[in-house]
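Report on the structure given below.
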Amino acid sequence: MAVCPECESVLDFDEDDVEEGDVVVCDECGTEFEVVATDPLELSQRGDGGYEEEDEAEIADEDEE
Ligand SMILES: [Zn+2]
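Numbered per the working numbering, the sequence shown spans residues 2 to 66.
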């Protein structure tokens, strides 16, 4: 079971039920983690602004259609 590196709470999700790119949120401190690998499980903390460009790219795709 993964533990939140921020507050050391157990992250309440099933490791068998997540895929790469999924986002899990710590119930205790609200920190978001992106699943970067599942075998073994590896989480990457999402920072403010670090993934903003991804959202903008999705909007651009919609505009093209
Ligand atoms: Zn936490």
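Backbone N, C-alpha and C define an ideal beta-carbon position, used for all residues, glycine too.
Helix, strand or coil for Glu29, going by three-state DSSP, please let me know.
coil
CA-CA distance, Asp23 and Ser10?
Taking the straight line from one Cα to the other gives about 19 Å.
Rounded straight-line distance, which links the Cα of Thr39 to that of Cys30:
23 Å
Can you give me the start and stop residues for the beta strand (DSSP E) that Leu44 sits inside?
42-46
Who are the near neighbours of Val5 in its chain, counting only those whose CB is closer than 7 Å to its CB and skipping five residues on each side?
According to the sequence as given, residue 5 is Cys; it is not Val. The residues are Leu12, Cys27, Glu29, Cys30, Thr32.
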